[in-house]
Amino acid sequence: MKALKVDHIGIAVKDLEESIKFYQDILGLELMGTEVVEEQKVRVAFLPVGDTEVELLESTSEDGPIAKFIEKNGEGIQHIAFKVDNIEEAIEYMISKGMRMIDEKPRYGAGGAKIAFVHPKSSNRVLVELSERTE
Ligand code: ZN
Numbered sequence: 001m002k003a004l005k006v007d008h009i010g011i012a013v014k015d016l017e018e019s020i021k022f023y024q025d026i027l028g029l030e031l032m033g034t035e036v037v038e039e040q041k042v043r044v045a046f047l048p049v050g051d052t053e054v055e056l057l058e059s060t061s062e063d064g065p066i067a068k069f070i071e072k073n074g075e076g077i078q079h080i081a082f083k084v085d086n087i088e089e090a091i092e093y094m095i096s097k098g099m100r101m102i103d104e105k106p107r108y109g110a111g112g113a114k115i116a117f118v119h120p121k122s123s124n125r126v127l128v129e130l131s132e133r134t135e
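Going letter by letter, the sequence shown gives residues 1 to 135 in UniProt numbering.
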């Protein structure tokens, strides 16, 4: 297996609209859209930059993973996503290398991507997302 690129950087924010301003108005990125991912209780904004993207995440619920993250750490980088070409193979490979997976089966993330999270205990306390996109 080989990670193909940094697919996106996930940043936990309290207020999506307020946070978008920095990336749009100051860094000059373009907002490609927003999307609610019910399963993860988040509202997501995508701002591509070069070959990768900034993904801003705002919790839609007080008990969602992003709300909990902010409660514990404050706002900030929450995860880094690497693009892989086959998520099932990537998960199998990670497990064979002794990595602990949060998701042993892929689930659907924003933009219809198939994703799986690696447990931070296996990756220097960085929450790593593996992401396979069809487009
Ligand atoms: Zn992500």
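Glycine included, C-beta positions come from ideal geometry on N, C-alpha and C.
Since the model is a prediction, treat every value here as computed from it, not as a measurement.
Run through DSSP, which three-state label would residue i get?
i, result
"SER96", "helix"
"ASP25", "helix"
"LEU31", "coil"
"SER19", "helix"
"ILE90", "One point to set straight first is that residue 90 is Ala, not Ile, in the sequence displayed. Three-state DSSP puts ALA90 in a helix."
"ALA81", "strand"
Count the other C-beta atoms from every protein chain shown that fall within 10 angstroms of the C-beta of residue i, then say buried if there are 16 or more, exposed otherwise.
i, result
"GLU38", "exposed"
"ASP7", "buried"
"GLU89", "exposed"
"GLU129", "buried"
"ILE115", "buried"
Nearest-angstrom Cα distance between residue i and residue j?
i, j, result
"ILE77", "GLY111", "19 Å"
"VAL44", "THR34", "5 Å"
What are the partner residues of residue i, as DSSP defines its beta bridges?
i, result
"ARG107", "ILE115"
"SER59", "VAL42"
Is residue i close to chain D, meaning its C-beta is less than 9 Å from at least one C-beta of that chain?
i, result
"VAL54", "Reference to chain D is not applicable here, since this structure consists of a single protein chain."
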